[in-house]
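Below is one structure, written out as structure tokens; the observations come after it.
Protein chains: 2
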Amino acid sequence: MKRDQSTEEKIKAAAKKVFMTKGFDGCSVRDIAKEVGSNVALLNYYFRSKEKLFELIFEGAMSDFLQSMIAVFSSELTLKEKVEQLIDKEFTFFMEHPELPMFILQSLHQNKTDAPMPSHFLEPIANTGIFEQFEKAKAQGEVRDISIRNVTLLLMSNVHYPFMSKKLTMQFHGISSAEFDDDLNKHKEIVKELITNYLFISNTKA
Amino acid sequence: MKRDQSTEEKIKAAAKKVFMTKGFDGCSVRDIAKEVGSNVALLNYYFRSKEKLFELIFEGAMSDFLQSMIAVFSSELTLKEKVEQLIDKEFTFFMEHPELPMFILQSLHQNKTDAPMPSHFLEPIANTGIFEQFEKAKAQGEVRDISIRNVTLLLMSNVHYPFMSKKLTMQFHGISSAEFDDDLNKHKEIVKELITNYLFISNTKA
DNA sequence: GGAAAAATTAAACAATTGTTTAAATTTTGG
DNA sequence: CCAAAATTTAAACAATTGTTTAATTTTTCC
């Protein structure tokens with residue numbers, strides 16, 4: 005009956021690689037089969053259709069995409085420490101998966117996956133208690149009066165965008181990949197200072 | 005010989021609309037022809053190929069994309085005023101062309117247009133003297149010690165990303181399009197304060 | 001070891017892709 | 001008005017698309 009787990013996994017790995025770099029519309033199932041080193045029919049044998057295979061890859065990518073938050077948020081740290089750690093961790097993570105932000109946003113943008121985000125993505129984040137911690141800090145005057153949604157947008161902008169804009173930025177400034185990566189590291193430190201300075205009200209008021 | 009200018013323009017308008025929303029790979033030439041309301045062959049009659057037509061649209065989009073900077077940069081304002089105006093103008097512009105940032109970054113990301121950015125895009129910006137103005141302000145201690153490249157990355161992150169992340173953000177917070185647009189306006193004001201506070205050294209030092 | 005089950009393949013499927021051809025229509029200019 | 005030029009169309013092109021079928025190979029299990 006069951007035979008070799010690794011074929012199914014090999015297809016998933018190949019599909020991930022191809023979908024990530026070329027997008028759903030930018031590749032054919034034969035591109036993926038070639039990456040696997042085998043027949044097209046095999047993909048449909050294991051995963052019914054290109055679309056189903058894509059959905060699987062997308063779900064996994066979205067999970068990875070959100071995962072890095074959860075570890076930080078569920079730790080026992082002050083809000084400020086969490087923000088700093090989040091920025092650090094996200095940068096480290098996206099350094100290793102630089103295509104991820106573009107893949108997620110582009111896929112959502114093209115309605116390839118239109119359903120509202122499943123609760124199994126969102127609940128783990130809510131369950132960390134991060135939202136309550138934030139509201140409490142705000143009530144106690146430690147944090148500026150700003151909505152959690154705007155904080156999120158601020159963080160995501162500064163953490164996701166740089167990885168999506170690599171080609172534009174390299175062309176715009178005429179710099180190399182290595183130079184861009186240097187800028188990226190500086191950006192990380194800038195963003196940490198920028199955002200914490202803005203969000204957290206210093207109590208050295210006299 | 006020459007007949008009706010508007011057919012060529014109608015095709016360009018249709019191509020722009022379709023390419024912008026679906027991307028190069030996400031649409032067929034027949035999609036565009038249908039949008040025009042005429043035959044497929046007509047596209048190749050005016051624009052040789054799908055790829056050539058795309059390049060034309062992309063060039064125009066990139067031009068629009070960078071245009072909003074130039075007007076601000078070449079004005080007679082202080083650096084701080086220019087930064088504030090830039091953020092304002094870019095937000096206003098992208099409110100009317102929300103698909104533009106995603107289109108540009110996605111197209112570059114997929115290597116649809118691989119050539120280095122033509123100088124006719126970059127020179128007008130350099131010619132505004134903005135870079136010199138920035139270095140001078142830095143030398144005079146008005147501005148924090150930060151590279152122009154990092155300032156650019158900071159600005160672009162906070163100005164482009166929100167328009168690219170609409171679907172992600174709406175799903176993430178479970179909010180409507182109108183609510184997102186509200187957040188967007190708040191984000192604009194936050195970013196203005198955030199960035200100017202960070203960049204410009206206040207001389208109220210006692 | 002050998003039959004049943006699972007995995008893999010090659011081949012074909014209809015549909016769609018970008019492009020071209022050649023004919024038909026419209027516009028131009030004398 | 002009428003030929004020549006420009007525009008527009010319908011149809012066909014070969015190539016590629018996602019998927020399915022049926023045959024073949026490999027694995028499983030008694």
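If you read the protein sequences in the order shown, they are chains A and B.
Take 5 as the starting number for the first sequence in my numbering and just add one per residue.
Take 5 as the starting number for the second sequence in my numbering and just add one per residue.
Beta carbons are placed, not taken as given, at the ideal position from N, Cα and C, and that holds for glycine.
Identity of the residue in the options nearest residue i by Cα
| i | options | result |
| --- | --- | --- |
| Lys14(B) | Phe51(B), Thr25(B), Cys31(B), Lys26(B) | Phe51(B) |
| Lys16(B) | Gly30(B), Phe58(B), Cys31(B) | Phe58(B) |
| Gly41(B) | Glu88(B), Lys56(B), Thr11(B), Phe28(B) | Thr11(B) |
| Gln89(B) | Glu103(B), His101(B), Ala18(B), Ile74(B) | Ile74(B) |
| Lys54(A) | Leu157(A), Val147(A), Asp29(A) | Asp29(A) |
| Thr82(B) | Ile134(B), Lys56(B), Asn43(B), Gln114(B) | Ile134(B) |
| Val147(A) | Ile61(A), Asp68(A), Leu70(A), Glu85(A) | Glu85(A) |
| His101(A) | Pro166(A), Lys56(A), Pro122(A) | Pro166(A) |
| Gln144(B) | Gln71(B), Phe204(B), Ala45(B) | Phe204(B) |
| Phe23(B) | Asp185(B), Met121(B), Ser111(B) | Ser111(B) |
Under 7 Å from the C-beta of residue i: neighbouring residues of chain A
| i | result |
| --- | --- |
| Thr173(B) | Leu157 |
| Ser181(B) | Here the premise fails: no neighbours, minimum Cβ distance about 14 Å. |
Neighbour flag for residue i against chain B, beta carbons, 7 Å
| i | result |
| --- | --- |
| Lys192(A) | no |
| Pro257(A) | Any question about residue 257(A) goes unanswered here, given that chain A covers just 5 to 210. |
| Asn214(A) | Coverage of chain A is limited to positions 5 through 210, which leaves residue 214(A) absent and any answer about it impossible. |
| Gly30(A) | yes |
| Arg153(A) | yes |
| Leu198(A) | yes |
| Met106(A) | yes |
| Met66(A) | no |
| Asp8(A) | Here Asp8(A) scores only 49 on pLDDT, less than 50, and its place in the model should not be relied on; the value that follows carries that caveat. No, no contact with chain B. |
is_contact[residue i, chain A] using C-beta, thresh 7 Å
| i | result |
| --- | --- |
| Gln137(B) | no |
| Ala210(B) | Interpretation of Ala210(B) is limited by its pLDDT of 44, a score under 50 that renders its predicted location unreliable; the figure taken from the coordinates is listed afterwards. Closer than 7 Å: no. |
| Gln110(B) | yes |
| Lys21(B) | no |
| Met5(B) | Summary for Met5(B): the model assigns pLDDT 39, below 50, so the residue's position carries little reliability, and this model does not support an answer. |
| Ser78(B) | no |
| Ser72(B) | no |
Listed by chain order, chain B residues near residue i by CB distance under 9 Å
| i | result |
| --- | --- |
| Lys211(A) | Look at the range of chain A in this structure, 5 to 210, and you will see that residue 211(A) is not part of it. |
| Met99(A) | Going along chain B, no residue has its Cβ under 9 Å from Met99(A), so there is no contact; the nearest lies around 15 Å. |
| Tyr202(A) | Ile194, Glu197, Leu198, Asn201, Tyr202 |
| Ile150(A) | Lys190, Ile194 |
Interface partners of residue i on chain B, CB under 7 Å
| i | result |
| --- | --- |
| Asp187(A) | Arg153, Asn154, Leu157 |
Within chain A, partners of residue i - CB distance below 8 Å
| i | result |
| --- | --- |
| Phe3(B) | Chain B is shown only over 5 to 210; residue 3(B) falls outside these bounds and no answer can be derived. |
| Pro166(B) | Leu157, Ser161 |
| Ser53(B) | Correct list: empty, because the minimum Cβ distance to chain A is about 18 Å. |
Rounded distance between the beta-carbons of residue j and residue i, thought under 8 Å
| i | j | result |
| --- | --- | --- |
| Phe77(A) | Ile129(A) | 7 Å |
| Pro105(B) | Phe95(B) | No, Pro105(B) and Phe95(B) are not in contact; Cβ-Cβ is about 12 Å, not under 8 Å. |
Query raised in the report: Can you list the alpha helix (DSSP H) stretches of 4 or more residues lying completely in the segment 103 to 138 of chain A, in chain order?
Result: 104 to 113, 123 to 130
Query - alpha helix (DSSP H) runs wholly inside the segment 178 to 205 of chain A, at least 4 long, in chain order - result: 181 to 203
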